[in-house]
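J.:
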Amino acid sequence: MNAPAADRDAALFRYLLRLGDTSHVLCHRLGEWCGHGPIMEEDIALTNVALDLIGQARLFYQYAGEVEGKGRSEDELAFLRPERDFNNLLLVEQPNGDYARTMARQFLFDAWNLLLFRGLEQSTDPRIAEIAAKAVKEITYHRRHSAGWVIRMGDGTEESRRRIVAAFEQLMGFTAEFFHMDDIDRQMADAGIGPDLSALRDPWMADVEAVLAEATLGWPTATWSVLGGRHEGRHTEHLGYMLAEMQSMQRQYPGLNW
Amino acid sequence: MAGQDRPELVAAPDETALEAAFQARVDAETRIEPRDWMPEKYRRFMIRQISQHAHSEYVGMLPEGNWITRAPTLRRKAALLAKIQDEAGHAAYLYSAAETLGTTRDQTLEDLHSGKAKYSSIFNYPVLTWADIGTIGWLVDGAAIVNQVALCRTSYGPYARAMVRICKEESFHQRQGFEIMTTLAHGAPEQKEMAQDALNRWWWPALMMFGPHDADSPNSEIAFKWKVKRQSNDELRQRFVDMTIPQADFLGLSVPDPDLTWNETTGHYDFGPIDWDEFWRVVKGDGLCNRDRLDARRSAHEDGAWVREAAMAHAEKKRAAKQNVA
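Protein chains in written order, with my numbering: chain A, 96 to 353; chain B, 66 to 391.
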């Protein structure tokens, strides 16, 4: 393999891990709700979203393993990498909190993820385009579900409004990471493999603003913002606990078939 | 005075005649539907049975839910999520089936939370290892299928139809559980040991799922008369044992019963005595997880109250706005 192709594959591998990690980590958080939701129908809805996300994660990990060419399976990639090698978005590792926090996290993510996957649907990489084409339908439903709850909570009771406002204030600063590009992201955008992430900012803001308006809410006032997970594996402290639990079986019993 | 105002009460058909007509329908294998007349005792009996079944599905999500975050592979994690989602779906149809008898989901949930209504006591046992997830699918879902296949022909229409739908999904769960066990039983020594340990802990509780012996089952007689039940607890338990022992043999695992033997004469397995004291102790509160299960259900309900209120308040605002426009 020539040097530019090897370089391109290394970048693609990392890009796929970012996608897989983000879907899997959010799936994991939603799985924590299972059986504890505010109403049975929400247990069903959240599990649906979690199932879609794990399906997407598996496809990205499988492809990443093939691109890397070292024979690593989806499970080796998901369960045997340390925290510093995880490249999920910081937003999705944040704890569930109350249902307002979970729905605010989900909506901010879904609105962005839908734009991202619409971009990936146009990918010059046919494998990514195929994964994205199926996922766009799923994410369209996720966004409708989470936006629906943001609206109900914002324009519901005094308590629900107070909770959803607090949730957005606590989470908005993590969204800077959605649009921040590094060399890998630029390389993927230049090759037509993924969209220009910085170009997603305006349509994302328009969508979020419209939903907040319907929820009778204004844009959050928080001005802080942080980066680190998706590019550098520099996470908040929450991810370490999640991985300790998530990876416990594979760590305790290395190399077994389950 | 009330009698004068409402003369139809005076002319009401004789209760005995109605009951006779009801029993004739049951005997003729005609399903009882929500709008049909039914004895108040039958209605209460069915509400109790269906809501207990619904609660079992709902509470049953918790023990397996504990393992979603620790499932050993992505494929297993996805399958476990899907299984638990099915259980939530089963709970939802069963609560709806109970509602056709004039109760509400809020009322039935309140009975669960207050401890008045029961759920299957099997869920008071702890799920300690990944092999327990396999064993629950294999044995607990396996036992549930034996019970529920029998209920597909139960006399109350909405319940029978819910059972048909649920059985299809349960048999998928049972196969999935057995497949987990097959992988473990053919795996490394520590996996096989994990599988045997899980079978040791779940075998007797699974047999108890069929309920007390027929002689000690006070509701059986009326349940047979109304064709709610068509086979006795002991018959169903025997069917489960006969079905499961060859599966355990295939796995190379043994059930923890020194008295288990094949009986050539009857064509069934004979098995040892069930410890009913343990059964009643666990039902009455001495299981490791009784308090955790109920606390989890109560907290989910209480912590979710503001969410449900927000949804109602929002729907009300929408409705009012629509009326104003109109």
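Even for Gly, the Cβ is constructed at its ideal location relative to N, Cα and C. This structure is a prediction, so every number in the text was calculated from the model and none was measured.
What does the Cβ neighbour count give for B/ALA227, buried or exposed, with the cut at 16 atoms within 10 Å?
T.: Counting from 1 along the second sequence, the entry for residue 227 of chain B is found at position 162. With 16 or more Cβ atoms within 10 Å of its Cβ, B/ALA227 is classed as buried.
J.: Between B/GLY242 and B/GLY180, how many whole angstroms is the CB-CB distance? I'm expecting something under 8 angstroms.
T.: Along the second sequence, one-based indexing puts residue 242 of chain B at 177. Along the second sequence, one-based indexing puts residue 180 of chain B at 115. So it is not a contact: roughly 30 angstroms between Cβ atoms.
J.: Report the CB separation of A/ILE134 from B/GLY154 in whole angstroms; it is logged as a contact under 8 angstroms.
T.: Residue numbering aside, residue 134 of chain A sits at position 39 when the first sequence is read from its first letter. Residue numbering aside, residue 154 of chain B sits at position 89 when the second sequence is read from its first letter. That belief does not hold up - the Cβ atoms of A/ILE134 and B/GLY154 are roughly 14 angstroms apart, past 8 angstroms.
J.: With distances taken Cα to Cα, identify the nearest neighbour of A/LEU312 among A/TRP128, A/ASP147 and A/MET248.
T.: For the purposes of this step, residue 312 of chain A is taken as residue 217 along the first sequence, with counting starting at 1. Looking at the Cα atoms, A/MET248 is the closest of the given residues.
J.: Using 8 angstroms as the cut-off, can you tell me whether the region 310-322 of chain B makes contact with the region 254-270 of chain B, which would need three or more C-beta pairs spanning the two stretches below that distance?
T.: Because the criterion of three Cβ pairs below 8 angstroms is met, the region 310-322 of chain B and the region 254-270 of chain B touch.
J.: Leaving out five residues before and five after A/TRP319 in sequence, what residues of the same chain have Cβ atoms less than 6 angstroms from its Cβ?
T.: In the first sequence, counting from the first residue as 1, residue 319 of chain A sits at position 224. Correct list, in chain order: GLY268.
J.: Going along the region 201-215 of chain B in order, which residues come within less than 8 angstroms of chain A, judged by CB to CB distance?
T.: none
J.: Tell me, to the nearest whole angstrom, how far the beta carbon of A/ALA173 is from that of A/ILE246; I am working on the premise that it is less than 8 angstroms.
T.: Here residue 173 of chain A refers to the residue found at position 78 of the first sequence. Here residue 246 of chain A refers to the residue found at position 151 of the first sequence. Between the beta-carbon of A/ALA173 and that of A/ILE246 there is about 34 angstroms, and that puts the pair past the 8 angstroms contact cut.
J.: If distances are taken between C-alpha atoms only, which option among A/ARG196, A/ARG113, A/ARG109 and A/GLU171 comes closest to A/ASN208?
T.: One-based indexing of the first sequence puts residue 208 of chain A at position 113. Answer by Cα proximity: A/ARG113.
J.: Could you tell me which of A/GLY328, A/ALA195 and A/PHE212 sits nearest to A/GLU264, measuring between CA atoms?
T.: The residue labelled residue 264 of chain A in the question sits at position 169 within the first sequence. It is A/ALA195.
J.: Along the chain, where does the beta strand (DSSP E) containing B/TRP327 start, and where does it finish?
T.: Indexing the second sequence from 1 puts residue 327 of chain B at position 262. Unbroken beta strand (DSSP E) run through B/TRP327: 326-328.
J.: Going by CA-CA distance only, name the one from A/LEU186, A/ALA152 and A/ARG200 that's closest to A/GLU332.
T.: Within the first sequence, the letter at position 237 stands for residue 332 of chain A. The candidate whose alpha carbon is nearest that of A/GLU332 is A/LEU186.
J.: Mind pulling the beta strand (DSSP E) runs of 3 or more residues that sit fully within the region 316-381 of chain B?
T.: Counting whole runs of 3 or more residues, the region 316-381 of chain B contains the beta strand (DSSP E) stretches 326-328 and 333-335.
J.: Terminal residues of the continuous alpha helix (DSSP H) containing A/GLU178?
T.: In the first sequence, residue 178 of chain A corresponds to position 83, counting from 1. Where A/GLU178 is concerned, there is no enclosing alpha helix (DSSP H), given that its DSSP letter is neither H nor E.
J.: Would A/THR374 pass as an interface residue toward chain B - the criterion being a Cβ-Cβ separation below 8 angstroms?
T.: Chain A is shown only over 96 to 353; residue 374 of chain A falls outside these bounds and no answer can be derived.
J.: Under 8 angstroms between C-beta atoms, does A/LEU114 make it to chain B?
T.: To locate residue 114 of chain A, count along the first sequence from 1; it is residue 19. Closer than 8 angstroms: no.
J.: Grouping DSSP H, G and I as helix and E and B as strand, with all else coil, what is B/ILE97?
T.: In the second sequence, the residue the question calls residue 97 of chain B occupies position 32. In the structure shown, B/ILE97 sits in a strand (DSSP, three-state: E or B).
J.: Taking only beta-carbon positions, decide if B/VAL372 is within less than 8 angstroms of chain A.
T.: The count along the second sequence starts at 1 and reaches residue 372 of chain B at position 307. Chain A contact via Cβ: present.
J.: Measuring CB to CB, does B/ARG358 end up less than 8 angstroms from B/PHE237?
T.: As a first step, residue 358 of chain B is located in the second sequence; it is residue number 293 there, counting from the start. As a first step, residue 237 of chain B is located in the second sequence; it is residue number 172 there, counting from the start. For B/ARG358 and B/PHE237, no; Cβs fall outside 8 angstroms.
J.: How big is the Cα-Cα spacing for A/GLN347 and B/GLY332?
T.: Looking up residue 347 of chain A in the first sequence gives position 252. Looking up residue 332 of chain B in the second sequence gives position 267. Put simply, the backbone Cα of A/GLN347 is about 44 angstroms away from that of B/GLY332.
J.: Is there a Cβ of chain B sitting closer than 8 angstroms to that of A/ARG200, yes or no?
T.: For the purposes of this step, residue 200 of chain A is taken as residue 105 along the first sequence, with counting starting at 1. So, not an interface residue.
J.: For B/PHE243, report the span of its alpha helix (DSSP H) as first-last.
T.: On the second sequence, position 178 is the one that residue 243 of chain B refers to. Note, B/PHE243: alpha helix (DSSP H), 222-250.
J.: If distances are taken between C-alpha atoms only, which option among B/PRO270, B/ASP299 and B/SER121 comes closest to B/SER282?
T.: By 1-based counting over the second sequence, the position of residue 282 of chain B is 217. It is B/ASP299 whose Cα lies nearest to the Cα of B/SER282.
J.: Whole angstroms is fine: what's the gap from B/ALA147's alpha carbon to B/TRP341's?
T.: Here residue 147 of chain B corresponds to residue number 82 of the second sequence, with the count starting at 1. Here residue 341 of chain B corresponds to residue number 276 of the second sequence, with the count starting at 1. Those two C-alpha atoms are separated by around 34 angstroms.
J.: Quick one: Cα of A/ALA305 to Cα of A/ARG296, how far?
T.: Sequence index remark: in the first sequence, residue 305 of chain A carries index 210 (1-based). Sequence index remark: in the first sequence, residue 296 of chain A carries index 201 (1-based). About 14 angstroms.
J.: Return yes when the Cβ of A/LEU148 is within less than 8 angstroms of the Cβ of A/LEU121, no when it is not.
T.: Translated into positions along the first sequence, residue 121 of chain A becomes position 26. Translated into positions along the first sequence, residue 148 of chain A becomes position 53. Yes, the pair counts as a contact, with Cβ atoms nearer than the cut-off.
J.: Can you give me the Cβ contacts of B/ALA361 inside the same chain, cut-off strictly under 6 angstroms, excluding the 5 residues immediately before and after it?
T.: Here residue 361 of chain B is taken as the residue at index 296 of the second sequence, counted from 1. Excluding residues within five positions, the ones whose Cβ falls inside 6 angstroms are LEU127.
J.: Taking a Cβ distance cut-off of 7 angstroms, strictly less, list which residues of the region 136-160 of chain B are near chain A, in chain order.
T.: Here the close residues are PRO137, THR138, LEU139, ARG141, LYS142, ALA143, LEU146, ALA147, ILE149, GLN150, ALA153, GLY154, ALA156 and ALA157.
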